[in-house]
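Peer 1:
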Amino acid sequence: EPTGAGWGRLITALPARVYEWCRAAAAVERLLDRTEDPVVVLRVGSVAVLGDLSSMVSAAAVTLISRSCGVLPSDGLAPTEGDLIERGEHCTVAAAFRPEAQAALVWLYRQLGRANGEVGPWLDRLGRMFGASDCVDERIGAGPWRAPTAIAPTLVDLDLIDRDQPWFFSFDGAPTRTRLSDDPVLAAAVQSATPQIEGAEAPIRLPGGIAIDSAMRTLMRAAIAAWHQGVAELPPEPFGAHNAAFMRWLESPEPAGADIGRYWLAVRDQRPDLQAAFPQPRSIDAARLAEWADASWRLEGRSALLASGVSGSNAIKSIGFDPEGINVLGYLDFDQSQGHIAREIVGALRAAKVPVAPINFHRSLSNFDLARAGTTDDARYGTNVVVVTAAHFEFVVADHGPALLDGRYTIGYWFWELEHIPATMLPAIDHVHEVWTGSQFVADAFSRVTDKPVRCVPLPVAQPQPSQRTRASFGLPDDRFVFLATFDQFSVPERKNPFGVIEAFTRAFADGEGPLLWIKTLNGDKGWQQHERLLLAASGRSDIIIRDEHLSRPDQMAVLQAADCLVSLHRSEGLGLHCAEAMWLSKPVIATRYSGNVDFMDDSCAAMVDYTLVPVRHGQGIYPPEAMWAEPDVDEAAAHMRALASDPALCAQLGARARARMAAQTSQAETGRMMAELATRHFTKGSI
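Numbering-wise (my numbering), the sequence shown opens with residue 133 and increments by one.
1) DSSP on Met689, reduced to helix/strand/coil?
2) Judging by CA-CA distance, which residue of Glu768, Gly672, Val486 is the nearest neighbour of Ala801?
3) Kindly indicate the opening and closing residues of the alpha helix (DSSP H) around Trp381.
4) DSSP state of Glu476, grouped into three classes?
5) Looking only at its chain, what residues have a beta carbon closer than 7 Å to the beta carbon of Leu464, apart from the 5 residues adjacent to it on each side?
6) Please name the residue in Ala159, Arg278, Met261 whose C-alpha comes closest to that of Leu204.
7) In terms of residues, what are the limits of the alpha helix (DSSP H) holding Tyr151?
8) Using a Cβ distance threshold of 8 Å, determine whether the segment 768-786 contacts the segment 753-760, with at least three qualifying pairs required.
9) Is Thr803 helix, strand or coil by DSSP?
10) Looking at the structure shown, is Pro747 part of a helix, part of a strand, or coil, going by DSSP?
11) Quickly, what does DSSP pair Arg400 with across the bridge? List them, please.
12) Any idea which residues DSSP pairs Leu287 with across the strands?
13) So the candidates are Ala796, Gly138, Arg311, Val478; which of them puts its Cα closest to the Cα of Pro211?
14) Out of curiosity, what's the CA-to-CA distance linking Leu707 and Asn729?
15) Kindly list the residues whose CB is nearer than 8 Å to the CB of Arg603, restricted to its own chain and excluding five residues on each side of it in sequence; keep chain order.
16) Hey, how far is the Cα of Ala714 from the Cα of Val721?
17) For Lys628, name the three-state secondary structure that DSSP assigns.
18) Between the alpha carbons of Val519 and Val564, how many angstroms are there, rounded?
19) Can you tell me the Cβ-Cβ gap for Cys223 and Asp289, rounded? I've got them flagged as a contact below 8 Å.
20) Enumerate in chain order the residues of its own chain whose CB-to-CB distance from Asp731 is below 7 Å, with the five nearest sequence positions on each side excluded.
21) Decide if Pro764 is buried, meaning its Cβ has at least 16 other Cβ atoms within 10 Å, or exposed.
22) For the alpha helix (DSSP H) holding Tyr241, just list the boundary residues, first then last.
23) Thinking just about the alpha-carbon of each residue, which of Leu209, Phe453, Glu221, Gly393 is nearest to the one in Trp424?
24) For a quick check, are the C-beta atoms of Gly656 and Asp687 less than 8 Å apart?
25) Could you check where the alpha helix (DSSP H) with Pro780 kicks off and where it finishes?
26) Who are the near neighbours of Pro592 in its chain, counting only those whose CB is closer than 7 Å to its CB and skipping five residues on each side?
27) Any contact of the segment 179-189 with the segment 322-331, i.e. 3+ C-beta pairs under 8 Å?
28) Check this for me: beta carbons of Pro280 and Ala321, under 8 Å apart or not?
29) In chain order, what residues of the same chain lie with their CB nearer than 8 Å to the CB of Ile543, ignoring the 5 residues before and after it?
30) Quick one: using the 10 Å Cβ neighbour count with 16 as the cut-off for buried, is Ala376 buried or exposed?
31) Can you say whether Asn120 is buried or exposed, counting buried as having 16 or more other CB atoms within 10 angstroms of its CB?
32) Are there three or more Cβ pairs, one per stretch, closer than 8 Å when the segment 166-174 is compared with the segment 260-269?
33) Threshold first: 4 residues or longer. Then list the alpha helix (DSSP H) segments lying entirely within the segment 688-733, N to C.
34) Could you check which residue in Ile676, Ile342, Ala398 has the C-alpha nearest to that of Ala354?
35) With DSSP run on the structure shown, which of helix, strand or coil describes Glu365?
36) Within 8 Å, do at least three Cβ pairs link the segment 290-298 to the segment 137-148?
Here it is, written out as structure tokens:
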């Protein structure tokens, strides 16, 4: 390592990309001592080579690749001219160097050895100082900065492609101008390049498994700078035999500083919540910061000092413990499934003439457009039924705590979509006396992780009340057989699996053969990356229609009414409410024979699709990769599609049986009486 700091310290100090280029520049400089040939540098995993690259090498000592070939539009989409200035005008995944470039490379690795931020501006500076040439072959350097792509590229800059979701480019979460669904040439290149970009980048870890974080980088960068200035010794080597000494250095106080480890001070300096909690960490707040470091961080792995989120919309009053009624807390103004379930529980209890206190809870990113009339802020009764998922139950505890939970018998009415209950949900069980679920699938899942009572207490699915909207109002023709798939982007598209529906439909029918596939989505603007994947999967088919919009509940039911058949090739469902509602409307349903929906669906009333269990992929951080879910048989689904589209009598027969199955459910009043009996029996047993 030519700077003297050592590669182990530099990899700890520098951002990953800066370190890579620092090391690459040093390696190429040495290589050019032994060859007269030019050297091309490619960043494995971020660049796709699809053809001849000889035009990358020019007569100049250095050849760089311009990211953009012109002025970027000012349309509010990424990338912008500001992005170009910040990240650099030249791509950082490929460059070419001749032997005469050695001086430029020495300059580059010496500068990068003390740098922070982006590599691109340093390559721009190198180009200006050492007379670099820009590659003139437009086939080299295609990517999100140059769209649309005019000709098939030989080298694609895939630095900004999401490796786990290789159907969109990511600019720190901003909506992008370059969409593969709109750029067939680039889409084909990316598809060809998939084997070259597979696999997520892992964080760099110290021996023992601790990931190098921004606080460590800040400390090491400052220490190396002090060493260069001759005012301090280098820290111990982070890797190898002296790793324990490096860890002690992280946790030791700064020279002449407060009695708190330098690492914890760096963490505090990077977090606004800790800055507010410990305004003077190097003096009077040092002891409290050290206490937080030992307790909150090391034991819990996160700060315990974040605001609880209590607000006027969630504040409640505890005014009684009447044993004759039930408090129902849930997303009562939430216009999707969780809110619908909470409202149905309230409705069932009222139908059974059970006193109920409906208490609204309001924490979500989705739409809250239902009136809150009839809700209360008063917890009057001695029993709680809390319709907030186990994953979010900590918010109930944080927002309401003793006011709701102390002295009351609390039941969690929970849904979950997998057989595996993740460890993050287990703490919620400590705050309830028993668990209710809406399907046997979910009850079985929770029974595996607790000895507390777990009961399947299903709700009858109410008969939908569609609005008066017709097919024409949704822009659909009356003379085509319409298959429907519907889902919310917040519900994890990989689980809902519209991609399987698209695959089955394309196997069943040639483009223009007759039927249509209508995919109705919600929150595509917020989950635009997954929405882009959906658009890309449907591109090239004129008979697949994708519509993303928020609709009122009556209009949602009108969507089901307008279709000829609902298709749900889900990988897993806690219940499958959309399937039940379609069945109420006499619609034939094609559905995976797995999870919550099998409580009310079988071969007598639906077109069931067999499956194999596979590990979870693309769970978006919600579903753990060690869990399993279903991979539905798309060929069987395609066969069901062909059969139903060609046989109106079969459709009518299956739809009639589906409606009959829904009509045979337990009534709302009967369900309410059963709930009241189960929920209040503890008062006679004295079990609180």
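Even for Gly, the Cβ is constructed at its ideal location relative to N, Cα and C.
Peer 2: Result, derived from the coordinates:
1) Note: Met689 maps to helix in three-state DSSP.
2) Nearest C-alpha to Ala801: Val486.
3) For Trp381, the enclosing alpha helix (DSSP H) begins and ends at 375-383.
4) It is helical.
5) The beta carbon of Leu464 is closer than 7 Å to those of Gly471, Ala474, Arg475, Pro490, Asn492, Arg504, Thr507 in its chain, skipping five residues each way along the sequence.
6) For the residues Ala159, Arg278, Met261, the minimum Cα distance to Leu204 belongs to Arg278.
7) Its alpha helix (DSSP H) spans residues 148-163.
8) They do not touch, by the three-pair rule.
9) Reduced to three states, the DSSP call for Thr803 is helix.
10) If DSSP states are grouped into helix, strand and coil, Pro747 belongs with the strands.
11) According to DSSP, Arg400 bridges with nothing at all.
12) Its beta-bridge partners are Val181, Ile272.
13) Taking only the C-alpha atoms, the option nearest Pro211 is Arg311.
14) Distance between the alpha carbons of Leu707 and Asn729 is about 5 Å.
15) Excluding sequence positions up to five before and after Arg603, its CB lies within less than 8 Å of the CB of Pro609, Asp610, Val614, Ala694, all in the same chain and listed in chain order.
16) Straight-line Cα distance between these residues: approximately 7 Å.
17) Lys628: helix per DSSP, three-state reduction.
18) Cα atoms of Val519 and Val564: separation of roughly 12 Å, rounded to the nearest angstrom.
19) About 5 Å separates the two Cβ atoms, so the contact holds.
20) Counting only Cβ-Cβ distances below 7 Å, and skipping sequence neighbours, we find Ser571, Gln572, Pro590.
21) Classification for Pro764: buried.
22) First-last of the alpha helix (DSSP H) with Tyr241: 234-244.
23) Measuring C-alpha to C-alpha distances from Trp424 to each of Leu209, Phe453, Glu221, Gly393 identifies Gly393 as the nearest.
24) Their beta carbons are not under 8 Å apart, which means Gly656 does not touch Asp687 by this criterion.
25) In the DSSP assignment, Pro780 falls within the unbroken alpha helix (DSSP H) covering 780-795.
26) Only Gln797, Thr798, Ser799, Gln800, Thr803 meet the Cβ criterion.
27) Yes, the segment 179-189 touches the segment 322-331.
28) No, the pair does not count as a contact, with Cβ atoms beyond the cut-off.
29) Hits under 8 Å: Thr515, Asn516, Val517, Val518, Val564, His565, Glu566, Val567, Trp568, Ala811.
30) Looking at its Cβ environment, which holds fewer than 16 other Cβ atoms inside 10 Å, Ala376 is exposed.
31) Nothing about residue 120 can be reported from this structure: the residues present for the chain run from 133 to 820 only.
32) Output reads no: the segment 260-269 does not touch the segment 166-174.
33) If we require 4 residues or more, the alpha helix (DSSP H) runs fully inside the segment 688-733 come out as 709-716.
34) That would be Ala398, whose Cα lies nearest to the Cα of Ala354.
35) Three-state DSSP puts Glu365 in coil, outside helix and strand.
36) No, because fewer than three Cβ pairs between the segment 137-148 and the segment 290-298 fall closer than 8 Å, the two stretches do not touch.
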